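Comments concern the structure below.
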Amino acid sequence: MSREKANDNIEIRGQSPEVDRAAQVASNAREMGGGETATDAYDATSLAEGDGAQTADPVDTAALLERLAAADAEIAELKDKHLRALAEMENLRRRAARERQDAGNYAVTGFARELLAVADNLQRALAAVDREACQNDPALSALVAGVEMTEKALLAAFARHGITPIEADGQPFDPNVHEAMFELPNDAVPHGTVVQILEPGYRIHDRPLRPARVGVSRGGPRSAPQDGAGGINEPHRAEAAPAVDKEV
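Going from the sequence shown to my numbering is simple: count from 1 and add 52.
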């Protein structure tokens, strides 16, 4: 028995440390004569060594949490920048669309303002015609009809480009679209009412193209000022010269 054990010890010392350890465990198991086999004993030893290796290299949880918090902060910052960029692009798109629309709506403003003088002259020409004379003069009647057709065509062209007359007659004075040239004493209508139109006004879409030059009433009951029409009861007018007493 001792001879065989000696041989086993000689063979064990000639192998690598891992083999020596396994052989030693197997030898101890044979001597103990228990139910545990050499393989079971070696597996238990290996498992114990593996657990020791895992506990020897613990995970740095604090460092991982710090890196995770930094990553979350970076994601939040990038998301905020992305949303701001989208909002800025949307604002630029809307601004560009509005500028394109304004360019289309008001591109003819200068040209239309020049044509208003033509419309004024056509209206003055028609107002100066004696209607009774037209009935007795076929040539004059044809001329008046031609002028009326020309005025109608011009106003239709204005309307196609969003140019429409400003309502003034009988309306409360509005300094945004009216220009008061004089005042007329009139107790029958509220104070500051447009009672005479010297030159019609026009607007292009929602903007005044030219204010209407009007005469307004004075002396009647005063109406409440309208929103956005400050000074409706006190239209702008030139200072009147002081009265001079004449000797009789």
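Where a beta carbon is used, it is the ideal one built from N, C-alpha and C, also for glycine. Quick caveat: nothing in here was measured; it's all calculated off a predicted structure.
_Can you tell me where the beta strand (DSSP E) holding residue 223 begins and where it ends?_
Premise fails: residue 223 is in no beta strand (DSSP E) and is neither H nor E.
*How long is the line joining the alpha carbons of residue 167 and residue 241, rounded to whole angstroms?*
34 Å
*Between the C-alpha atoms of residue 157 and residue 119, what's the straight-line distance to the nearest angstrom?*
57 Å
*Whose C-alpha, out of 174, 122, 208, 217, is nearest the C-alpha of residue 263?*
217
*Answer with buried or exposed for residue 188, where buried requires no fewer than 16 other C-beta atoms within 10 angstroms of its C-beta.*
exposed
*Would the segment 244 to 251 and the segment 137 to 155 be scored as touching if the rule is three or more Cβ pairs under 8 Å?*
no
*Selection from 254, 273, 206 that minimises the alpha carbon distance to residue 224*: 273
*Which residue's Cα is closest to the Cα of residue 179: 130, 191, 199, 162?*
199
*asked:* What would DSSP say about residue 232, mapped onto helix, strand or coil?
replied: strand
*Can you give me the Cβ contacts of residue 105 inside the same chain, cut-off strictly under 8 Å, excluding the 5 residues immediately before and after it?*
With a pLDDT of 47 at residue 105, under the threshold of 50, the modelled position of that residue is not reliable, and no figure is offered here.
_Backbone secondary structure at residue 213 - three-state DSSP_ = coil
*Flag this pair as yes or no: are the beta carbons of residue 271 and residue 239 separated by less than 8 Å?*
yes
*Alpha carbon to alpha carbon, what distance is there between residue 257 and residue 123?*
54 Å
*Among residues of its own chain, excluding the 5 on either side of residue 177, which ones have a beta-carbon nearer than 7 Å to its beta-carbon?*
199
_Whether residue 235 touches residue 268 by CB criterion (8 Å)_ = yes
*Could you tell me the distance, in whole angstroms, from the CA atom of residue 159 to the CA atom of residue 193?*
38 Å
_Rounded to the nearest angstrom, what separates residue 186 and residue 196 at their Cα positions?_
8 Å
_With H, G and I counted as helix, E and B as strand and the rest as coil, what does DSSP make of residue 121?_
helix
_Proximity to residue 244 [Cα-Cα], best of 201, 190, 231_ = 231
*Could I get the ranges of all uninterrupted alpha helix (DSSP H) runs contained in the segment 151 to 204, with 4 residues as the minimum, in chain order?*
161 to 179, 183 to 188
*Compare the beta carbon distance of residue 233 and residue 266 with 8 Å and say whether it is the shorter of the two.*
yes
*What do you get for residue 132, buried or exposed, if any count of 16 or more other CB atoms within 10 angstroms of its CB means buried?*
exposed
_Less than 8 Å between the beta carbons of residue 135 and residue 174, yes or no?_
no
_Does residue 244 come out as helix, strand or coil in the three-state DSSP assignment?_
coil
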